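For the sequence shown, the working numbering begins at 87 and goes up steadily by one. Ideal Cβ positions, reconstructed from N, Cα and C, are used throughout, including at glycine. This one's a predicted model, so the numbers in the text were calculated from it and none came from an experiment. Remarks on the structure that follows.
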Amino acid sequence: MERWRNKVAIVSGASSGIGAACVRTLVGAGLTVVGLARRQERVEQMRGELKTLEQRSRLHAIKCDVTQESQVLDAFQWAKQHLGGVHVLVNNAGILATTELSGAANTQPIRDTIETNIMGSVYCIREAFQAMRQQELEAKEQQQEQEHLQEQVQEQGHVIIVNSVAGHQVPNLGPQLPSLNIYPATKFALRAMNEIYRQEFQRHKTRVRVSTISPGIVDTDILPEQLQDVIKQHMPMLSSQDVADAVLWTIATPPNVQVHNITIKPQGEKF
């Protein structure tokens with residue numbers, strides 16, 4: 087992790103759950119972290135709860151709804167102007183609508199899920215990659231100017247996409263529980279996008295890596311209220327910290343290692 091110390095990580099959906107756990111874990115590992123969230127005040131509160139003044143100085147809260155392209159552009163521009171760019175993106179923001187795919191008058195919740203889970207990812211990953219690519223080009227130019235430097239330019243970025251086991255198979259929760267509606271389809275899309283990004287990053291001859299983390303059921307507030315009590319009673323769950331630990335392990339792997347996907351499930355999960 088030493089090569090990431092004092093580098094900049096941007097985490098979307100940073101106000102709670104997996105995003106908040108990733109923020110705390112990355113700050114603890116020595117990175118400067120920008121937490122993007124619609125509920126900016128929660129990230130501000132998290133900063134106040136960090137153990138040391140030095141850690142608190144490395145966490146920045148930016149109000150950002152990832153479905154709004156202009157807000158994403160502004161957030162990444164802020165990171166460039168004030169912190170010099172971005173080296174790690176944890177693309178985490180996501181929602182799960184309470185509706186049925188075949189239900190009546192469900193256009194808005196379905197649209198919101200697609201806009202957040204897919205288009206929000208497109209905006210964030212695009213801006214992160216453009217920044218990482220530029221940083222890599224600048225590092226190579228600097229190396230060429232200083233011919234005595236023999237070390238190879240290390241990777242200038244790693245994109246982590248927080249996915250789900252629902253992006254690999256559609257869980258059958260049974261007729262007693264609410265429908266997952268469009269949510270698995272958006273996660274299948276992220277799995278396909280991960281491979282497209284890998285190919286495109288190579289096409290541009292960068293060393294930027296992209297990985298997905300696909301957890302099983304995680305104890306977060308993404309779950310609709312009618313699901314939470316039933317699942318907690320009858321199904322094992324991961325903690326948000328379990329996912330954050332997987333993120334940290336992924337970015338800590340050597341630069342020549344392409345971690346394509348990590349699937350983690352709670353022991354005893356039924357699907």
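Query: Distance, Gln344 Cα to Pro264 Cα; Result: 37 Å
Query: Cutoff 7 Å; reference Ala100; Cβ partners in own chain excluding five residues on either side; Result: Ala106, Val109, Gly121, Leu122, Ala123 and Val129
Query: Same chain, Cβ closer than 7 Å to Thr202, neighbours up to 5 away in sequence not counted; Result: Val152, Thr153, Ala179, Gly180 and Ile181
Query: Among Val256, Gln141 and Met132, nearest to Arg91 - alpha-carbon criterion; Result: Gln141
Query: Beta-ladder partner(s) of Pro301, from DSSP; Result: Ile350
Query: Inter-residue spacing [alpha-carbon to alpha-carbon] between Val176 and Thr336; Result: 11 Å
Query: Straight-line Cα distance separating His254 from Val94; Result: 30 Å
Query: One or two residues paired with Ala147 in a DSSP bridge; Result: Gly121
Query: Buried or exposed by the 16-neighbour rule on C-beta atoms within 10 Å, applied to Glu135; Result: exposed
Query: For Val174, the nearest candidate out of Gln167, Thr118 and Lys226 (CA to CA); Result: Thr118
Query: Residues sharing a beta bridge with Leu324, DSSP; Result: Val304
Query: 4-residue-minimum alpha helix (DSSP H) runs that sit fully inside the region 156–211, ordered along the chain; Result: 193–200
Query: Nearest candidate by alpha-carbon position, reference Ser250, set Glu127, Arg89 and Asn347; Result: Asn347
Query: Cutoff 6 Å; reference Leu145; Cβ partners in own chain excluding five residues on either side; Result: Val113, Val119 and Arg133
Query: Segment contact flag, the region 188–207 with the region 264–275, C-beta cutoff 8 Å, min 3 pairs; Result: yes
Query: DSSP beta-bridge partners of Ala95; Result: Val119 and Val174
Query: Where Gln288 falls, given that 16 or more other Cβ within 10 Å makes a residue buried; Result: exposed
Query: Coarse secondary structure for Ile337, derived from DSSP in three states; Result: helix
Query: Where the beta strand (DSSP E) containing Ile247 begins and where it ends; Result: His244 to Val248
Query: Sheet register partners of Val296 (DSSP bridge); Result: Val245
Query: Which of helix, strand or coil DSSP assigns to Gly260; Result: coil
Query: Any non-hydrogen atom of the ligand PLP within 7 Å of Met321 CB; Result: The ligand PLP is not among the ligands present in this structure, which contains no ligands whatsoever.
Query: C-alpha distance - Asn258 paired with Phe357, whole-angstrom precision; Result: 8 Å
Query: Best match in Ala115, Gly354, Gln285 and Ile350 for proximity to Val248 [C-alpha to C-alpha]; Result: Ile350
Query: Cα-Cα separation between Lys291 and His244, rounded to whole angstroms; Result: 14 Å
Query: First and last residue of the uninterrupted alpha helix (DSSP H) at Glu272; Result: Per the sequence shown, residue 272 should be read as Thr rather than Glu. Per DSSP, Thr272 belongs to the alpha helix (DSSP H) from Tyr269 to Arg289.
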